[in-house]
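Trainee: Got a structure for you, questions after.
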Amino acid sequence: MRRRSSLPWLAATLFAAALAAVPVSSANAGSANAGSTNAGSANSGSATAGQPGPTQWREVFSPDGTITKVRVPKQADPAPDARALRAAKAADVVPIQETGPSDSRFDMVIVGDGYTASEQGTLRQHAEAKWEEIAATEPWSQYRDSVNVWLVNVVSPESGVDNDPSEGIDRDTALDMGFFCGGTERLLCLNEAKAQSYAGQAPGQDAIVAVGNTAKYGGAGYPSLATVAGANDQAGQIAIHELGHSVGGLADEYYTPGTTHSGGEPAEPNVTTDPAGAKWASYLGRATPDGGVIGAFQGGRYAENGIFRPSEDSLMRTLGKPFNLIGLDVMSRAISSKIH
Numbered sequence: 004m005r006r007r008s009s010l011p012w013l014a015a016t017l018f019a020a021a022l023a024a025v026p027v028s029s030a031n032a033g034s035a036n037a038g039s040t041n042a043g044s045a046n047s048g049s050a051t052a053g054q055p056g057p058t059q060w061r062e063v064f065s066p067d068g069t070i071t072k073v074r075v076p077k078q079a080d081p082a083p084d085a086r087a088l089r090a091a092k093a094a095d096v097v098p099i100q101e102t103g104p105s106d107s108r109f110d111m112v113i114v115g116d117g118y119t120a121s122e123q124g125t126l127r128q129h130a131e132a133k134w135e136e137i138a139a140t141e142p143w144s145q146y147r148d149s150v151n152v153w154l155v156n157v158v159s160p161e162s163g164v165d166n167d168p169s170e171g172i173d174r175d176t177a178l179d180m181g182f183f184c185g186g187t188e189r190l191l192c193l194n195e196a197k198a199q200s201y202a203g204q205a206p207g208q209d210a211i212v213a214v215g216n217t218a219k220y221g222g223a224g225y226p227s228l229a230t231v232a233g234a235n236d237q238a239g240q241i242a243i244h245e246l247g248h249s250v251g252g253l254a255d256e257y258y259t260p261g262t263t264h265s266g267g268e269p270a271e272p273n274v275t276t277d278p279a280g281a282k283w284a285s286y287l288g289r290a291t292p293d294g295g296v297i298g299a300f301q302g303g304r305y306a307e308n309g310i311f312r313p314s315e316d317s318l319m320r321t322l323g324k325p326f327n328l329i330g331l332d333v334m335s336r337a338i339s340s341k342i343h
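Reminder that position 224 of the sequence shown reads as 227 in the working numbering, one-by-one numbering, no gaps.
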């Protein structure tokens, strides 16, 4: 019997709530020089003449590691049809590494898009490389021998992804992955329901990563998964950041200058409205992997004022950095809770 974990959905609920509170002034529709992640709250309603349709927040990643927020048109994907569902059920699932039964291990599932039948070897190479990058990062390195990594061999009719290398290029792929999502060049979107239908063939799904057959830098985050460019050596950092959201329920720690947090105490463990940092009192003054010591640093969760983060510059603020001590411990508990 397949086991679908509730862990990504619980963590994603916390993250979606955080995005719903993003200050309006943090929108930057011109930020197209980046990769991107998680969809957030969207305006409701339908587009009418002279009026914009529903929109949603997206995280946008740049190759230099900086992360910003943009508001883009809301993505509306059709549900998988019967043919697509049959293809998903017929997909082969192979272990990249299998360490034990799924009911006593953390199960990570990797799916691909834009890989033809003759390119499944390339898909495996890209999937293995992304897993190795994740597994080299704390706390994943601590638990790598207790993580099952499943690869679903998703076969696409055509090679590559839409709008690569430039806008206006369409390719017939299984998961409809493509750049220029919502007009943002390096935002690499897909049909989430189709990706889930393939990932659901694995014995367990505690985290899902979708790799695209492209060398162009980019990625995106969804409530249930992250996308990354399979052939880009820098894009794996997007997946590691996104796992902080989907597995650990961590908040983003970056902010837009001039904005102020207007809500109450956040639910996420790594941001607080308390300038004394009492939320992580037992960690105060301790050395943190991202440098310095744990304290209460102004700015986080998209706002500069009225909210504080535990360290100066962790992975939840800048790609390529380690998790800070708070994030590290939260992630460790989340991963280990699946291991028996």
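Ideal Cβ positions, reconstructed from N, Cα and C, are used throughout, including at glycine. Predicted model only: the values in this text are computed from it and were never measured.
#1: Between which residues of its own chain and Thr-140 is the CB-CB distance below 7 angstroms, once the five residues before and five after are set aside?
#2: Across the stretch 286–295 and the stretch 225–245, are there enough close Cβ pairs to call them in contact, namely three or more that are closer than 8 angstroms?
#3: Which residue comes first and which comes last in the beta strand (DSSP E) that contains Ala-229?
#4: Just to confirm my understanding: we take Lys-77, look at its own chain, exclude 5 residues before and 5 after, and list those with CB closer than 6 angstroms. What are they?
#5: Please check the pair Pro-3 and Val-212, which I expect to be a contact at CB under 8 angstroms, by giving their CB distance rounded to whole angstroms.
#6: Among Thr-263, Ser-314, Gln-100 and Phe-300, which has the Cα closest to the Cα of Arg-147?
#7: Indicate, with yes or no, if the ligand FMN has a heavy atom lying under 7 angstroms from the CB of Ser-159.
#8: Are the stretch 260–267 and the stretch 301–313 touching, with three or more C-beta to C-beta distances below 8 angstroms?
#9: With burial defined as no fewer than 16 other Cβ atoms inside 10 Å of the residue's Cβ, what is the status of His-343: buried or exposed?
#10: Straight-line CA distance for Asn-327 to Glu-315?
#11: Please report the distance separating the alpha-carbon of Thr-217 from that of Leu-178.
#12: Helix, strand or coil for Gln-145, going by three-state DSSP, please let me know.
#13: Does Gln-208 pass the burial test, meaning 16 or more other C-beta atoms within 10 Å, or should it be called exposed?
#14: Counting only the same chain and skipping the five closest in sequence on each side, list residues whose C-beta sits under 8 angstroms from that of Leu-126.
#15: Expressed to the nearest angstrom, what Euclidean distance is found between the alpha-carbon atoms of Ala-196 and Ala-279?
#16: Which one of Asn-151, Ile-297, Gly-224 and Ala-93 has the shortest CA to CA distance from Glu-135?
#17: State the Cα-Cα distance for the pair Arg-7 and Lys-341, rounded to the nearest angstrom.
#18: So, using beta-carbon positions, are Arg-189 and Gly-224 closer together than 8 angstroms?
#19: Output needed for Glu-268: all residues of its chain with C-beta closer than 6 angstroms, excluding positions within five of it in sequence on either side, in chain order.
#20: Straight-line CA distance for Thr-102 to Glu-256?
Mentor: On the basis of the coordinates in this document:
#1: Closer than 7 angstroms at Cβ, skipping near neighbours: Ile-243.
#2: With the rule of 3 Cβ pairs closer than 8 angstroms, the stretch 286–295 does not count as touching the stretch 225–245.
#3: DSSP places Ala-229 in the uninterrupted beta strand (DSSP E) bounded by 229–232.
#4: The residues are Ala-45, Pro-57, Thr-58 and Gln-59.
#5: In the structure as shown, the chain starts at 4 and stops at 343, and residue 3 therefore has no counterpart that could be examined.
#6: Out of Thr-263, Ser-314, Gln-100 and Phe-300, Gln-100 has the C-alpha closest to the C-alpha of Arg-147.
#7: Only the bare structure without any ligand can be found here, which leaves the ligand FMN out of the picture.
#8: Result yes; three or more Cβ-Cβ pairs closer than 8 angstroms.
#9: Exposed.
#10: Using only the alpha carbons, I get a separation of about 9 angstroms.
#11: Thr-217 and Leu-178: Cα-Cα distance of roughly 14 angstroms.
#12: In this structure, Gln-145 counts as helix in the three-state DSSP scheme.
#13: A residue is called buried when at least 16 other Cβ atoms come within 10 angstroms of its Cβ; Gln-208 meets this threshold and is buried.
#14: Answer for Leu-126: Gly-115, Tyr-118, Leu-154, Asn-156, Val-157, Val-214, Asn-216 and Gly-233, listed in chain order.
#15: Annotation: Ala-196 to Ala-279 spans about 43 angstroms, alpha carbon to alpha carbon.
#16: For Glu-135, the closest alpha carbon among the candidates Asn-151, Ile-297, Gly-224 and Ala-93 is that of Asn-151.
#17: Caution applies to Arg-7, whose pLDDT of 43 falls short of 50 and renders its modelled position unreliable; the model cannot decide the point.
#18: No Cβ-Cβ contact shorter than 8 angstroms links Arg-189 with Gly-224.
#19: Its chain contains Thr-276 as the residues whose beta carbon lies nearer than 6 angstroms to that of Glu-268, once the 5 sequence neighbours on both sides are disregarded; these appear in chain order.
#20: Spanning the two alpha carbons is a distance of roughly 33 angstroms.
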